[in-house]
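*Asks:* Chains as they are written, first to last, in my numbering: chain A, 1 to 318; chain B, 319 to 636.
Number of protein chains: 2
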Amino acid sequence: MGKRFIGIDVGGTTMKLGVVDERGRLLHKAETPTPSDGQAGLSQMAFQARRIAGEAGISWEQVAGLGLGLPGFLDIPAGKIIRLTNLPWENMPVKDHLEAELNIPVAIDNDANVAALGEAWSGAGAGLQDLVCITLGTGVGGGVITGRRLVHGVSGLAGEIGHIRVEEDGALCGCGQRGCVETVSSATGMVRLVKEAVAEGRKSQLEVQVREGTISARDIFEAADKEDPVALTVIDRATDALAKVMSILSVVLNPAAFIIGGGVSRAKERLFSPLRRAYARHTLAHAAAGVRILPAELGNDAGLIGAAGLTAKWETLG
Amino acid sequence: MGKRFIGIDVGGTTMKLGVVDERGRLLHKAETPTPSDGQAGLSQMAFQARRIAGEAGISWEQVAGLGLGLPGFLDIPAGKIIRLTNLPWENMPVKDHLEAELNIPVAIDNDANVAALGEAWSGAGAGLQDLVCITLGTGVGGGVITGRRLVHGVSGLAGEIGHIRVEEDGALCGCGQRGCVETVSSATGMVRLVKEAVAEGRKSQLEVQVREGTISARDIFEAADKEDPVALTVIDRATDALAKVMSILSVVLNPAAFIIGGGVSRAKERLFSPLRRAYARHTLAHAAAGVRILPAELGNDAGLIGAAGLTAKWETLG
């Protein structure tokens with residue numbers, strides 16, 4: 001029997017668990033509410049890990065490791081939570097605690113990194129050595145993989161590509177800088193640009209959704225299908241800004257592929273075709289040659305699969 | 319007796335050879351003209367490698383590997399020269415040839431990468447896991463190291479940071495793009511900016527050198543010491559552009575240090591103090607925290623030491 005790995009993708013309200021095999025294939029998954037208390041969270045993770053192994057019909061001896069994807073500020077090598085983004089878990093040595101409790105190797109990493117690792121292991125990047133995963137959602141997140149290894153950097157901040165500045169006097173970003181790609185190419189950024197255009201009196205079918213406060217990235221892509229001029233302009237600007245960032249990443253990292261996930265990527269070709277055109281326009285020909293721009297394949301499972309991969313040493317496998 | 323490694327830094331006119339120990343310390347070095355004929359080059363490298371081992375007083379059995387730093391377009395994993403920049407060596411399987419001839423492992427890499435590896439092994443970056451080396455000379459070159467490993471990318475182009483664009487309508491770069499950091503922060507770029515300022519009628523002590531065609535980056539830094547306004551403006555612009563690139567690299571890679579080498583770096587604090595100020599201004603505080611900006615330490619020996627390191631697997635040592 002092959003080894004099995006358990007991944008837990010810890011979110012602010014629910015934790016998603018999965019059991020995967022040595023090739024990163026998801027065999028079984030489950031979901032459970034995240035306790036807001038840290039100690040209860042530890043007990044719950046240990047309990048649920050054993051439980052999902054049982055549900056998947058495997059013995060605990062077959063489980064070769066457990067990985068956690070966590071949103072927030074971590075000491076990754078030590079396996080400690082410093083503090084999390086949407087949960088009051090603080091200063092918790094999760095690795096030590098769960099290893100003692102479960103008797104298997106435990107590793108942790110941040111949510112953007114485990115999602116990238118999932119796609120690299122058994123998603124759109126399977127088989128590739130060098131890739132960059134970009135998540136377009138509320139923000140613009142990233143995960144960088146070189147030689148099949150995740151790049152963390154000295155304090156675990158590598159891959160924060162949403163904060164590359166693309167517009168000199170752009171909008172104020174949550175990080176305090178102006179004109180970060182996140183202010184233009186995230187769902188939030190695109191919605192902001194539509195609102196601004198409407199406020200400036202530009203004609204758009206999106207006026208209703210703006211007025212009612214329901215406007216989403218999805219509405220913008222749908223309006224673009226109907227040739228709405230504001231929607232088209234905003235999509236052009238979002239893809240152009242993202243392509244500039246990708247052109248920079250191409251000369252720095254020379255990845256084989258960019259894998260684009262997150263809510264905005266559900267627009268499929270309505271996002272990908274302007275993005276590919278803009279990338280070709282902005283990137284040195286020899287750095288762009290052969291580079292693929294691919295949709296993420298694992299959706300919401302990327303995080304738990306990648307988390308499971310943290311202890312799998314799959315990068316050294318064939 | 320410890321293992322020894324030989325490095326050869328192949329230049330257009332001379333090849334530099336060195337013998338280093340397992341910690342990357344240079345024990346002995348030599349220099350010899352580079353034959354323009356490729357076959358003669360191969361013979362010469364094999365002959366000189368044996369010869370320098372003899373000169374260093376070590377037996378051939380102690381030599382655990384040979385590495386070459388080559389300027390040009392290579393197939394690094396296969397150890398083949400495709401074509402070189404300043405030499406008519408083409409389509410040469412150097413690794414296979416030299417391994418058969420010398421009976422030791424041989425590896426090749428490009429000159430910017432081996433210089434970065436040298437600094438990472440036993441230079442300014444010794445002991446650091448993650449760093450970016452930047453060479454400011456005729457152009458702006460780079461080498462990226464993450465987790466003590468050199469990042470190559472899918473076609474060996476990683477680290478070409480000189481072609482990150484920093485000025486929207488900047489000067490035309492050799493690569494065909496406009497406004498690459500190389501057009502502003504290299505020695506060539508700084509000289510160009512001084513010439514343009516003088517041509518526009520701005521007062522400068524550098525007018526003489528511009529007229530006589532002798533102006534160099536060194537002259538610019540010397541004029542800045544005397545508060546020459548053109549020199550000060552050009553240095554500000556060069557360091558500001560480079561700092562912008564470093565701020566991007568900080569969110570993408572989160573290195574522990576930037577190591578700056580090349581001719582321009584000989585200006586020492588006249589370069590480093592405005593560069594550090596500009597970096598602090600342009601970089602997200604949490605990404606800049608603790609990041610060091612250091613002068614390269616190995617000078618012209620970085621390439622041969624790093625080349626020697628290609629087969630040393632030092633990244634797995636303590």
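Just so you know, even glycine gets a beta-carbon here, dropped at the ideal spot from N, CA and C.
1. Could you tell me which residues DSSP puts in a beta bridge with A575(B)?
2. Against chain A, does E500(B) count as a neighbour if the rule is that its beta carbon must be under 8 Å from one of theirs?
3. For I76(A), collect the residues of the same chain with a Cβ closer than 7 Å to its Cβ; drop the 5 residues on either side in sequence, then sort them by chain order.
4. Any C-beta of chain B within less than 9 Å: which residues of the segment 248-280 of chain A qualify?
5. State yes or no: is the beta carbon of Q44(A) nearer than 8 Å to at least one beta carbon in chain B?
6. Anyone know if the C-beta pair for G170(A) and G142(A) falls short of 8 Å?
7. Quick one: Cα of C18(A) to Cα of R149(A), how far?
8. Return the CA-CA distance between L446(B) and G356(B), expressed in angstroms with no decimal places.
9. Take D219(A) and list the residues in its own chain whose beta-carbon comes closer than 7 Å to its own, dropping the five residues that flank it on each side.
10. Just checking: is the beta-carbon of E379(B) within a distance shorter than 8 Å of some beta-carbon in chain A?
11. Give a yes or no on whether 8 Å exceeds the smallest Cβ distance from C133(A) to chain B.
12. Return no unless some Cβ of chain A is closer than 8 Å to the Cβ of I394(B).
13. Say whether chain B places a C-beta atom closer than 8 Å to the C-beta of H286(A).
14. Determine, for R149(A), whether the minimum Cβ-Cβ distance to residues of chain B falls below 8 Å.
15. Does any C-beta atom of chain A lie closer than 8 Å to the C-beta of A476(B)?
16. Who are the Cβ neighbours of Q380(B) in its own chain at under 7 Å, not counting the five residues just before and after it?
17. Please report the distance separating the alpha-carbon of K16(A) from that of S43(A).
18. For R467(B), list the residues DSSP reports as bridge partners.
19. What distance in whole Å lies between the Cβ atoms of I52(A) and I6(A), which are believed to be in contact at a cut-off of 8 Å?
20. Counting only beta-carbon atoms, is I164(A) nearer than 8 Å to chain B?
21. Would you call the CB atoms of A307(A) and I8(A) closer than 8 Å?
22. So is T13(A) buried or exposed if we call it buried at 16+ other beta carbons inside 10 Å?
23. Check whether the segment 291-298 of chain A and the segment 258-273 of chain A are in contact - that is, three or more C-beta pairs closer than 8 Å.
24. Using a C-beta cutoff of 8 Å, does T464(B) count as contacting chain A?
25. Under 8 Å between beta-carbons, which chain B residues line up against I161(A)? List them in chain order, please.
26. Measure the alpha-carbon distance for E101(A) versus T85(A) and round it to whole angstroms.
27. Measure from the alpha carbon of D546(B) to the alpha carbon of each residue in R520(B), G441(B), A605(B), L571(B), then state which is nearest.
28. List the residues of chain A whose Cβ lies closer than 7 Å to the Cβ of G471(B), in chain order.
29. What three-state label does DSSP hand T501(B) in the structure shown?
30. Can you check DSSP and say which residues form a bridge with A107(A)?
31. Among residues of its own chain, excluding the 5 on either side of S59(A), which ones have a beta-carbon nearer than 7 Å to its beta-carbon?
32. Alpha carbon to alpha carbon, how far is R83(A) from P93(A)? Give it in angstroms, no decimals.
33. Between T352(B), P353(B), T601(B), A348(B), which lies nearest to G176(A) when the distance is taken from Cα to Cα?
34. Whose C-alpha, out of I553(B), A382(B), M564(B), is nearest the C-alpha of G627(B)?
35. For chain A, is any of its Cβ atoms less than 8 Å away from the one on Q495(B)?
*Replies:* Checking against the coordinates, here is how it stands:
1. Your numbering for residue 575(B) matches position 257 in the second sequence. Note: A575(B) sits in a beta bridge opposite L449(B), R610(B).
2. As a working note, residue 500(B) is residue 182 in the second sequence. Not one chain A Cβ lies under 8 Å of E500(B).
3. The sequence position of residue 76(A) within the first sequence is 76, counting from 1. So the qualifying residues of the chain are I108, D109, H152, G156.
4. I248, L249, S250, V251, V252, L253, N254, P255, A256, A257
5. Here the question's residue 44(A) lines up with position 44 in the first sequence. Taking Cβ atoms only, chain B never reaches closer than 8 Å to Q44(A), which makes this a no.
6. Locating residue 170(A) in the first sequence gives position 170, where the first residue counts as 1. Locating residue 142(A) in the first sequence gives position 142, where the first residue counts as 1. Cβ atoms of G170(A) and G142(A): not closer than 8 Å.
7. Counting from 1 along the first sequence, the entry for residue 18(A) is found at position 18. Counting from 1 along the first sequence, the entry for residue 149(A) is found at position 149. Sequence check: residue 18(A) is Gly here, not Cys. Answer to the nearest angstrom: the Cα atoms are 22 Å apart.
8. Taking the second sequence and counting its residues from 1, one reaches residue 446(B) at position 128. Taking the second sequence and counting its residues from 1, one reaches residue 356(B) at position 38. Each residue's alpha carbon lies about 37 Å from the other.
9. By one-based count along the first sequence, residue 219(A) stands at place 219. Around D219(A): L206, Q209.
10. Mapped onto the second sequence, residue 379(B) falls at position 61. Not closer than 8 Å to any Cβ of chain A, the Cβ of E379(B) fails to qualify, so no.
11. As a first step, residue 133(A) must be located in the first sequence, where it is residue number 133. For C133(A), the answer is no, since every Cβ of chain B falls outside 8 Å of its Cβ.
12. The count along the second sequence starts at 1 and reaches residue 394(B) at position 76. No, I394(B) does not count as interfacial toward chain A.
13. Numbered from 1 along the first sequence, position 286 holds the residue referred to as residue 286(A). It does; some Cβ of chain B falls within 8 Å.
14. Translated into positions along the first sequence, residue 149(A) becomes position 149. Closer than 8 Å: yes.
15. Walking along the second sequence from the start, residue 476(B) turns up at place 158. Chain A, which has a Cβ nearer than 8 Å to the Cβ of A476(B), makes this yes.
16. For this step, residue 380(B) is matched to residue 62 along the second sequence. Excluding sequence neighbours, Q380(B) sits near M319, K321, R322.
17. One-based indexing of the first sequence puts residue 16(A) at position 16. One-based indexing of the first sequence puts residue 43(A) at position 43. About 15 Å.
18. Here residue 467(B) is taken as the residue at index 149 of the second sequence, counted from 1. DSSP, once it has assigned bridges, lists T464(B) as partnering R467(B).
19. Translated into positions along the first sequence, residue 6(A) becomes position 6. Translated into positions along the first sequence, residue 52(A) becomes position 52. Contact flag correct, Cβ pair sits at about 6 Å.
20. Working through the first sequence from its first residue, we reach residue 164(A) at position 164. Yes - at least one Cβ of chain B is within 8 Å of the one on I164(A).
21. One-based indexing of the first sequence puts residue 307(A) at position 307. One-based indexing of the first sequence puts residue 8(A) at position 8. Yes; because the gap between Cβ atoms is below 8 Å, this pair is in contact.
22. Counted from its first residue, the first sequence places residue 13(A) at position 13. Looking at its Cβ environment, which holds fewer than 16 other Cβ atoms inside 10 Å, T13(A) is exposed.
23. yes
24. Here residue 464(B) refers to the residue found at position 146 when the second sequence is read from its first residue. Yes - at least one Cβ of chain A is within 8 Å of the one on T464(B).
25. In the first sequence, residue 161(A) corresponds to position 161, counting from 1. Chain B residues near I161(A): V569, V570.
26. On the first sequence, residue 101(A) is found 101 positions in, with the first residue counted as 1. On the first sequence, residue 85(A) is found 85 positions in, with the first residue counted as 1. E101(A) and T85(A): Cα-Cα distance of roughly 25 Å.
27. For the purposes of this step, residue 546(B) is taken as residue 228 along the second sequence, with counting starting at 1. Among R520(B), G441(B), A605(B), L571(B), the Cα nearest to that of D546(B) is on R520(B).
28. To locate residue 471(B), count along the second sequence from 1; it is residue 153. Chain A residues near G471(B): D130, L253, N254, P255.
29. Looking up residue 501(B) in the second sequence gives position 183. T501(B): helix per DSSP, three-state reduction.
30. Here the question's residue 107(A) lines up with position 107 in the first sequence. In the DSSP output, where bridge partners are listed per residue, A107(A) has G67(A).
31. The residue you call residue 59(A) lines up with position 59 of the first sequence. For S59(A), where only same-chain residues beyond five positions count, there are no Cβ hits under 7 Å.
32. On the first sequence, position 93 is the one that residue 93(A) refers to. On the first sequence, position 83 is the one that residue 83(A) refers to. So the two alpha carbons sit approximately 11 Å from each other.
33. Looking up residue 176(A) in the first sequence gives position 176. G176(A) has its Cα closest to that of T601(B), out of T352(B), P353(B), T601(B), A348(B).
34. Sequence index remark: in the second sequence, residue 627(B) carries index 309 (1-based). The candidate whose alpha carbon is nearest that of G627(B) is A382(B).
35. Residue 495(B) sits at position 177 when you count from the first residue of the second sequence. Output row for Q495(B): interface = yes.
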